[in-house]
Structure formats: C-alpha cells, structure tokens
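Working notes for the structure below.
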Amino acid sequence: MMKKKSICASRVSLVLFLCQMISSLDVPLDSKLLEELSQPPTITQQSPKDYIVDPRENIVIQCEAKGKPPPSFSWTRNGTHFDIDKDAQVTMKPNSGTLVINIMNGGKAEAYEGVYQCTARNERGAAISNNIVIRPSRSPLWTKEKLEPNHVREGDSLVLHCRPPVGLPPPIIFWMDNAFQRLPQSERVSQGLNGDLYFSNVQPEDTREDYICYARFNHTQTIQQKQPISVKVFSTKPVTERQPVLLTPTGSTSTKVELRGNVLLLECIAAGLPTPVIRWIKEGGELPANRTFFENFKKTLKITDVSEADSGNYKCIARNTLGSAHHVISVTVKAAPYWITAPRNLVLSPGEHGNLICRANGNPKPDISWLANGVPIAIAPEDPSRKVDGDTIIFSHVQERSSAVYQCNASNEYGYLLANAFVNVLAEPPRILTPANKLYQVIADSPALLDCAYFGSPKPEIEWFKGVKGSILRGNEYVFHENGTLEIPVAQKDSTGTYTCVARNELGKTQNEVQLEVKDPTMIIKQPEYKVIQRYGQVSFECIIKHDSTLSPTVIWLKDNDELPDDERFLVGKDNLTIMNVTDKDDGTYTCIVNTTLDSVSASAVLTVVAAPPTPAIIYARPNPPFDLELTGQLERSIELSWIPGDENNSPITSFVIEYEDGLHEPGVWHYQTEVPGTQTTVQLKLSPYVNYSFRVIAVNEIGRSQPSEPSEQYLTKSASPDENPSNVQGIGSEPDNLVITWESLKGFQSNGPGLQYKVSWRQKDVDDEWTSVIVANVSKYIVSGTPTFVPYEIKVQALNDLGYAPEPSVVIGHSGEDLPMVAPGNVQVFVINSTLAKVHWDPVPLKTVRGHLQGYKVYYWKVQSLSRRSRRHVEKKILTFRGNKTLGMLPGLEPYSSYKLNVRVVNGKGEGPASPDKLFRTPEGVPGSPSFLKITNPTLDSLTLEWGSPTHPNGVLTSYILKFQPINNTHELGPLVEIRIPANESSLILKNLNYSTRYKFYFNAQTSVGSGNQITEEAVTIMDEVQPLYPRIRNVTTAAAETYANISWEYEGPDHANFYVEYGVAGSKEDWKKEIVNGSRSFFVLKGLTPGTTYKVRVGAEGLSGFRSSEDVFETGPAMASRQVDIATQGWFIGLMCAVALLILILLIVCFIRRNKGGKYPVKEKEDAHADPEIQPMKEDDGTFGEYSDAEDHKPLKKGSRTPSDRTVKKEDSDDSLVDYGEGVNGQFNEDGSFIGQYSGKKEKEPAEGNESSEAPSPVNAMNSFV
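By the numbering used here, the letter at position 558 of the sequence shown is numbered 576, and the numbering carries on one by one without gaps.
Take a look at the structure:
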C-alpha cells in the first residue's frame, strides 16, 4: 500500500482536494470538467432583501443561477405563484430569472409592492432566493404650517425644529440660508441626529430671517425645503451665565437598542453659558479602541461594528465653569442571525455518507428550519438516505436519486438567513486532469513534486510507477499526497526519467505520464571579497559561477540592495564588477546575484572608501529625520502638523518635505504633500474628504535628504459628495453603430466617500431627445450600442458616491462611429502644365456621404508607360494627400513624354472611400537627359574616335546630338570652339584633321524638339609623331592634418616643369572634387579652410603632356577644441621655409628696382615669359586689372577635376524621380492647396567661351605689384 500524508500548502503548488471531516468529493475547478458534470442549481446573483426602487424607473429584480442542465426560473409574489405571462408590463430576461417591470410605459410602481421569491429548477433539484421586499421610494412634500418668529433673549438656549416629512428611505437633513450657503456650526450651534438645530446659547449675531431646513431624498434625487424660520435675539444687561442643562436626550436616563454589526450613534446636546463641553465615558469599562469616533463637536459618540460586548451604560457629561449635567444611556446590543457554520455543497458517490450542517447564532437565538427543493422538509418527498437531526441532515448510502437542493433558514425577530446547499450524487470513471507528458525541472537535492490531479466517483485510488513498465513506487524515499501528487523529498540526478500515474475505481482505470529532469545546482565558486580602497582608486569584485550546462544564468549586480548607479565608472564584466575613480558615494554593500529559471544564488561584499591620506575633517552628512510629529486643530478640510527637527549634521536644513499616506485607499504608498522652508516647523495642511491620513516629514540639506520620520497618528476625514467630475470626457465610436464614452476616473482620494460611481448621460445633438442616463461602477468606459452612423451626441459624466452627486458636469460633444465614405469624387479633370507638372481638379463629395470626419482627399497616380521607349515597367503608385476640403492639387515630379493614370478618393477617420474612375493623361516632351556615356578611343596623329550612349531618359524623340570641342594649350588656355550636329541615330564619330600632340576638350549633349539637354565633357590628346609621351608618376602621398588645415606632400617622377594640382573633398560625399593649383614645381601644399573633425579624401595630379593623378589618400581633421598638437607656425621647417621665401622676394625686388632704373629687360622677366606662374594671372586687356582665381570649368578645364570616371564613361544619375531638380536645386515645397513652389528649370552647364583672348607678359611693375 502507498504511504499517505497530509499536504502542506507551502510545498504544493496546486491544491485540488480539501481534507474534510466528512467523506465527500471535491469537484476540481476545471472548466472542461465542470461543463460535463451534472449539477443542481446554485443561485449566483439576487436583489437585496429590502429593495427600495425609484418609482420613475423600471423595476429590475435580479435572479441569476447556474446548473447542469441550465435551470428554469419561476417566481412567487406574496406567497403565491406570480404568472408573468399574464402581465404585459412584466418580462423575464432570456436565459435568466431576472424580472423587468416596465414602469416607464404606463406602469405604477405602487402596484408592484410586495414580497418576491425566485426559484431556479433543473432535474437535480431547485434553489430559491431570499424573500425580496419591493418598496418604491417616497419623497412627500412638507406639511404647511404657520411659523411664528422666535424672540430669544441673549444667552438663552433655542431649538429650531425641522420635522421633515416621512420618506422612504429617510431623508438627509441640512440647514442653509436663502443664498444656499450652509449655516456655520460649532460647539455652540449644531444639528442633532433628528435634524433639529440646537443653540446652547444664542448671540446677537444669530439674528436672521432665513433659517431653512432642507431634506434631501437620494433615491428620487429631490430636495424639499421647509419655510424659513425667523430668529430675533434681544439683549439684556448683564447677560446671565447658566450651568449646563441637557436639551437632548431629556431626563437622567434613556435606553438604546442596536443590532450587532451596525453603527451605534449616541447623542447629547446641552444648553448653558459659557457653552458646555461634552465628554463621554462607559461605566465599568473603556470605550473600544479603533472603533470609537467623536462627531458634531463631541456631541455624538460613534462606535462602529458593534457587538454584544459593547452593551452597557454610556454616560455623557456636559460641563462649563458653573457646573455640569449628565445623562446615562443604557445600550443593549441585539443580533439578527449570523452564520457559525453555513451549509456547504456536498458531492458524494453512490453508497457514500455525508452531512449538511447549518449552525447560526443571534440574540435571541434563531430557530433553524430545513427545506428540500424549496418545500419544507416535513412535507417534502421522503428519502430513505436522509435523516434530519436539528441543525444537521445526515445522509447514508446515498443513490443518484438522492440529489437535491436543501435550504437552511435561521430566523429571529430581527431577521433571517437563507442558504442553499446541494447534495449531488455522481458516478464517474476516473479522469486525470494533469496535462500528458508535462515536464518538471528541479535542482538536485531539492524536493520534486509531480502532479496527478484527478477526479472520479467513487474516489479513485492513485498509484505511481517509474518508467513505462516499471514497478510500483514504495518506500520512505517517496511521499504520496491525498491529491495524487508524488513528492520526491530529495531529488538526485538518477531521479530523472518518466513517471506514470494510474487512477482506478470500480468504474474504470486511466493513466498519465510526466517527465522529470534533475539539474545541477548553480554555485558561485569565487565570491566577491571585502575591500578597503582609497578615494579616487580602482576596485574590482569577482563573481565566478558554475552552473548546469542546460541552464542559461543571468548575473545582476546590486549596490545596497538596489540597482547600480547609472555611471560609466561602473564596468560590469562577465565575471567581475570594476569601479573606476572611486568616490565616497561608492561606499556600501555590493551583491552578485545569479539567476536561472530554477534557482538563484547570491554573494555580497562590503566596500569601504577611505581618504588618502586620512586627515581629520568636518563630517558633512544628511540631516537626521525629524521626530515627535503632532496633529492639532483638526477640521474637516484642514489640519495643523508640527514636528521637531533632527540634527542637521554640520549642513543647515534648507527645507522640509511633507508626505502623506492614504491608509484607506493606498496603504503603504506615500505621496508628496508640500514643502516648507527649513526654518519652519509647523504647517497647515489642506485635506480631502474620506481619506485616512498619516503624515511624515523629511529634512533636506545640501548633502541630501534625511530618512523619513516616523508616521504621525492617523486622521480619518469625513465623507462627502464628490467635489469634481471625471476629466477628459470623450465620445468616439469604435464601430459604425456605437458610441464609446470614455473618461479619466477619479483617484481614490478624489472619491470623497464610499460607493464611487458615475452617471453617464447622452443624447443626440440638435434632436429634441431626453437625456439617457445610466449609473455605472467605478470604471472609465461605457459603450452605447445601436447608434446611427456618425452623428453628434451631447455627453456628460457625473461622479457620485453614497453621500450624493458631484456638481453638474459640463457637456462635451462626441460622435458615434465612423464608416467608410460612400461615394467617390466626381468630375475629375487633369490639366497638364508642363512636361513634369500637372494640376488635378475634382468636385467635393457631399458631406453626408463622408460618414465621418473629413480628413482630405488622396490622389493615386502612376506611370503607365514611357512614350519614347514604348516599354512598360513595374507600376509604382504614388500618393499625394490634400488635407481638408480641397478640390485641386498639383502633381510634381512627372516624367516627360509619358502616359499616366490617376484616381481620387475621399478620406475620413475610418479609411478611404471608393476610387473615382481612372483618368488617363500624357505629359509632353521635355529636354533630354545627358548621354549615358562619352568615350574617346583610338588616338592618332590627327584623329580621335568618339563613342557615346543615348540618354537614359530621352524625355521625348531625339532629333540630334551636338558636339563642341576646342584645343587646350600648356598654359590652360582654350582655343577656338568648333560645333558639329550629329544625327540622332548615330552612336560614334571619327574626328579628323586635328593637330598632333594636342589636348582637346569635348562638350556633348542630346536634343529633342523642346531643346538641348545637359552636356557631358571629356578630354583627350592626339599622339606625337614616333615619340610616345612620358606620363608623370606621383606616389607616396602623405598628409599631416590639424583642425582647419592639412599639409600634403608627395614624390614625383616624370618630365621637368610639371604643373601640379591638388584635388580634395569630403569622404563619402557625392560632391565634385575641389581643385587647388600648386605654385611652381613644389612637392608639398597646404590645404586651408577645412572643417574641424571631418574626414577628407585627397589626390595629387600633374598637368603636362598628359593628365595623371595619384591614388587617393584619406585624412581626418582634428576636433574643434584645444589641441595638444604644436601650431604649424612654431615648426622649424615652416619658419625656415618662410625665411627663404622672404629672402627670395627681397632679392627679386632689388633686381627689379635696378633694372627699372637702367631700363631694358631683365633675366627674371625672360624666365617668367618662359615659365609663367599659374598663380600670377595676366592683366585683362581691356582694363589693366589682374585676373581673379577662378574655379569655372569653362575657362580652366584642368583646374577642376572632370566628373568622368577613369573608364571615360559618364555615371548614370542616381534617381529618376528626384524632386530636388526643381526650383534651382532646393527641395520641392508645396502650398496649402498642393501647388508646387519654385521654378521649373533644368540645370545646365555654362556654355564654353568662344575663342581665346590674347594676353601679354606682365611688366616688371605689375610683377612687383603682384607680390604686394
């Protein structure tokens, strides 16, 4: 036999069967199982016993029940059957027992007063509800009476009687004046529990004509007003002082009976001058702590949740300086019936035994009676398995026909209790509810719990096996629990395997297999150790772990049980934590936590930071927490808090932070209340109703915040109706036929009292409808169904609680749900403006067909084909959105000479409407793009061969190609320009009769009937007779960069007198190379005006018989900050170079001066004529001024690098559809109506200069001036 032990809740994850003294089955809470088992009815929801209804609204009497099969429902009224089919005003909800009595369509609530009871019945029994007493609420008018003015002598007492009409439920009484302001109350003037207004002594300021008593009937939401009462106080000198006399209650003793669990209210109001002070005591005992409250200026004693122990004599004592008066109230606490043991449902197997126990108590002791299926058990059908013994029914040898629902009724003169409990006899074969092949994973040497949740009737026996064909498990190494769970107290690695659970009873047998895996434990094999480190040093903690290979551990480091500071000084490695540049704040305990899915281990070490070297110093620290918090001056909406500051620890306290805790709504959560200067130790705090306040204070200095003080005593403010309504009220439909009303709920302390609810009201705007209202629980959303599509609604949400309503809320406008637009825009027209721009126009759709918020129109357009290539490509639709009720828009970025289609759709918040019919339009021809490439081959003495490719974007029908070329001499001057027109069908040309050994520059573009497109350029050289040109060689290009300049140097091999240039640009940029000419034949150059912190590319070229460039080099300028590099002006080589240049200039000036005096030519000029420095430009012939440096490609073709790649082909443009080409190269912009801003102009290269101006060598005077 298996060994059985009681299960411990702390060791078992799921308890399916409870241990009971009686032999019965517990049905597991398995939804699938519950759907299959038969079950007698159970009442799940019913209206309250005393049900007061609003006579203006429909009466809803709730009765909900569950059972298998689903129960049917019937009702009795005043003890007889209530036939709802015979009353047209009464209906029962489908699949429910809830009655709806239609009062709003002609019914009268008074006609349906009575006692109602619901019965839910199926084949296994009948359950009954409580007796539900239906009474309509009443708010009668005040009886008319003639009120005489009250003439009172100063110092006398006065009672103003309210005597409100008797309503159901009783009204709430309050006193106000004609301006609807509450009359102020105090220890001298206060309102009694009966609603009367008591004056302990009157004063001259009490004279007024408008003492008005109001009665508020909450159920009907009406307020009745008594006629105003006049009080006139006359003075007599001197005013006589009097000792206290009790105004209520009268006499020396009285009695009070209260029911257990209710609130006991005792009242004493006294007259006297000076105003008496009331004190309460309990004779022979103490007032109960935590349940005693004083209200109405201590005139009312309130004890909550009273019990029999609160019976006794309570004495109120009224005292002033002249004497005292007292009154003794003898309180007796009775009790309506309350449960000691309520009967519980009983599930038995055939032949089993069981008990139903019903025990209740009360004062007087209640009578116990039993019913079976709603019928007194004495006249119910006999059942031989049942025996009634007072408060117990004993069942023995039950059969399936013994199933029934039993009712226990416990009653005395103060009330009754009714409980349903069924007996369900089931015969079911075993079922195992634990999923098959469930995997359990545990750590070695820890317990393993393998579940075998089961059900069957009779109760099955459970056996466990290891392996599919293993033997039954027995012995002390296993624990077998009553709920079927197998426990292995100390699981080992060899415990891994398959375990089989077998359940059997007399009706059958079933089994289930589960898997167990035992893992190696996670260990920290090298733990962090205690460290002492000097300030600004470095420290490292180790945490080396060992774990099961199938588990993935995560390592977390904590400081003082909190996350590590967000500081880059903390470096977390795989096996360690390193702290750089340690400061005093790093002092603390550091913990390494290793987590896996099965276990967790941790280790800690303390870091102590010491000064280096240690020297005595003043210790500045956070202040100590304040103490001795005291609450005084308690009022309904304010209180005064005072405290004593703690030690400031050598740093003055700058401020105090006051926090509060709401023990009623958010216990344990502290909120910021206010902050006061550090010199202040008291503060007046504003309070909210219905909040159980506790306060604490935190001191702040320059070092930081202190620990919080100990909390103050608690102070519970009175309840009140809400002061405010929910915010952010919105009405937006989520479906075409609904309206979703949402709001931001009030916070807990904003409720001002218990029972927070919301009254949601709505009505269709601009329609003469009444408001529809519903009161919902403390939620933030309500859905109104069945609304028309997209119509405006007026909405308001009002907060209420058990004490009343918040002020009238403001009305917001919302809309029911949107639906997709119904129609497409009509009369769509397209007007082509030019080859790349079109304007589209449409008629707006009627607003009623939009069925939502009109957001705008979308124009879908796409290219069908290019008319020049007659080839189709993948259709890529483009979309332009025009906001608002626009009826036209511009379509930019079209391709010339192409066929397009478009359609227009209206858009609302739900989506897009149907598309208009596709509209076809064509764009006219435009200027073509540049030829795809220009390649020059086969150079001879007097000819060159040109080959080219047609434009990638012809943008129309090509009519011809235009070729222009001109020679370039060694001084970069351009010769005469020759132009040739070539037929459009040609792709190559041989140019003859050229000069030998001459460089030519070529300009090439295509033409359509509209005009010429962009040109591409290329250069080539005819060869020299017999002698091959010697090409220069440039290598070893190096750079030395600073913030805004870079020194470029290189090595050169080739003909003498080569002219060098340096090209550079931003690395990765598509911009053209920038070009700088090198002065003379130097092998270095300084690039200036660079941007700090930028990566550049650079290359060096030589201009001689043939162009040649070095390979590219990349360098980066320094950041824009103080650099450690030495300025170039301090370098020795630079100073020497500048000295040499200055000496050379000085010699040159001396020679020029001598030659000028003597006249004639001088050798320097002859050298300049032979080797003109490219940086010293000739004078312009027309005005004698010096030429400026120019980067224009037209005039200095070799000064700016050609955009043609090294293979002599032109790179294709990156984008065919870019809008940047419009409007002079800036990004395209649109007006509000969608029109395109900017000019539509193509980018063209500047035309080359015709011919070449003549020039002469500069004179000596000009040469000297060029150095100035």
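For glycine and all other residues, C-beta sits at the position ideal for the given N, C-alpha and C.
Keep in mind that this is a model prediction, so the values were computed, not measured.
So, are the CB atoms of residue i and residue j less than 8 Å apart?
{"i": "residue 555", "j": "residue 624", "result": "no"}
{"i": "residue 945", "j": "residue 884", "result": "no"}
{"i": "residue 70", "j": "residue 155", "result": "yes"}
{"i": "residue 920", "j": "residue 877", "result": "yes"}
{"i": "residue 751", "j": "residue 834", "result": "yes"}
{"i": "residue 959", "j": "residue 1022", "result": "no"}
{"i": "residue 1135", "j": "residue 1061", "result": "yes"}
{"i": "residue 1287", "j": "residue 638", "result": "The chain is shown from 19 up to 1286; residue 1287 falls before or after that span and cannot be answered."}
{"i": "residue 402", "j": "residue 448", "result": "no"}
{"i": "residue 1016", "j": "residue 994", "result": "no"}
{"i": "residue 368", "j": "residue 430", "result": "no"}
{"i": "residue 702", "j": "residue 658", "result": "yes"}
{"i": "residue 1287", "j": "residue 857", "result": "Shown here, the chain extends from 19 to 1286; a query on residue 1287 therefore has no answer."}
{"i": "residue 641", "j": "residue 613", "result": "no"}
{"i": "residue 914", "j": "residue 1006", "result": "no"}
{"i": "residue 337", "j": "residue 384", "result": "no"}
Given residue i, which residues of its chain have a CB within under 7 Å of its CB, disregarding the five upstream and five downstream residues?
{"i": "residue 760", "result": "748, 798, 799"}
{"i": "residue 390", "result": "398, 422, 424"}
{"i": "residue 41", "result": "Because residue 41 carries a pLDDT of 42, less than 50, the predicted location of this residue cannot be relied on, and the following value inherits that uncertainty. Within the same chain, residue 41 has close Cβ partners 370, 371, 372."}
{"i": "residue 253", "result": "172, 222"}
Whose C-beta lies closer than 8 Å to the C-beta of residue i among residues of the same chain, with five residues either side of it excluded?
{"i": "residue 1115", "result": "1082, 1083, 1084, 1085, 1130, 1131, 1132"}
{"i": "residue 465", "result": "29, 505, 506, 507, 508, 509"}
{"i": "residue 529", "result": "450, 518, 519, 520, 521"}
{"i": "residue 122", "result": "74, 75, 76"}
{"i": "residue 1252", "result": "Annotation note: pLDDT 38 at residue 1252 (below 50); position unreliable, coordinate value reported separately. Only 898, 900, 904, 906, 907, 908 meet the Cβ criterion."}
{"i": "residue 207", "result": "201, 215, 216, 217, 218, 224"}
{"i": "residue 356", "result": "278, 279, 378, 379, 380, 435"}
{"i": "residue 64", "result": "80, 81, 82, 136, 147, 148, 150"}
{"i": "residue 1064", "result": "1057, 1058, 1104, 1105, 1108, 1114, 1116, 1133, 1135"}
Could you tell me which of the options sits nearest to residue i, measuring between CA atoms?
{"i": "residue 329", "options": "312, 314, 347, 340", "result": "347"}
{"i": "residue 84", "options": "137, 311, 122", "result": "137"}
{"i": "residue 861", "options": "905, 840, 827, 897", "result": "905"}
{"i": "residue 1337", "options": "542, 249, 287, 517", "result": "Residue 1337 lies beyond the range of the chain shown here (19 to 1286); nothing can be said about it."}
{"i": "residue 932", "options": "426, 924, 471", "result": "924"}
{"i": "residue 926", "options": "660, 908, 874, 895", "result": "874"}
{"i": "residue 441", "options": "934, 863, 404", "result": "404"}
{"i": "residue 186", "options": "148, 140, 128", "result": "128"}
{"i": "residue 60", "options": "234, 364, 588", "result": "364"}
{"i": "residue 582", "options": "296, 105, 610, 569", "result": "610"}
{"i": "residue 258", "options": "1001, 291, 501", "result": "291"}
Within the same chain, show all residues whose beta-carbon is closer than 6 Å to that of residue i, passing over the 5 residues directly before and after it, in chain order.
{"i": "residue 1184", "result": "Since pLDDT at residue 1184 reaches only 42, below the 50 mark, its modelled position is unreliable, and no value is offered."}
{"i": "residue 706", "result": "767"}
{"i": "residue 1263", "result": "Any answer about residue 1263 is weak, because its pLDDT of 38 lies below 50 and its placement is not dependable; what the coordinates show is given next. Only 1033 meet the Cβ criterion."}
{"i": "residue 1113", "result": "1085, 1134"}
{"i": "residue 169", "result": "250"}
{"i": "residue 589", "result": "596"}
{"i": "residue 92", "result": "137"}
{"i": "residue 547", "result": "623"}
Whole runs of the beta strand (DSSP E) within the stretch 247-273, excluding any shorter than 3 residues:
DSSP runs (the beta strand (DSSP E)) wholly in the stretch 247-273: 247-252, 260-266.
Segment contact flag, the stretch 172-182 with the stretch 240-259, C-beta cutoff 8 Å, min 3 pairs
The stretch 172-182 is in contact with the stretch 240-259.
Does the structure place the stretch 408-424 close enough to the stretch 369-377 that three or more beta carbon pairs sit under 8 Å?
Put simply, the stretch 369-377 touches the stretch 408-424. At least three CB pairs are less than 8 Å apart.
Decide yes or no for the touch test of the stretch 301-308 against the stretch 320-338: beta carbon pairs closer than 8 Å, at least 3 of them.
Put simply, the stretch 301-308 touches the stretch 320-338. At least three CB pairs are less than 8 Å apart.
Would you be able to state if there are at least three C-beta pairs under 8 Å between the stretch 686-703 and the stretch 732-741?
Using a Cβ-Cβ distance cut-off of 8 Å, the stretch 732-741 and the stretch 686-703 are not in contact, since fewer than three pairs of beta carbons, one from each stretch, lie closer than that value.
If we count Cβ pairs, one from each stretch, closer than 8 Å, do we get three or more for the stretch 551-569 versus the stretch 592-609?
They touch, by the three-pair rule.
Uninterrupted beta strand (DSSP E) stretches inside the stretch 603-645 (no shorter than 3 residues)
You should have 606-613, 618-628.
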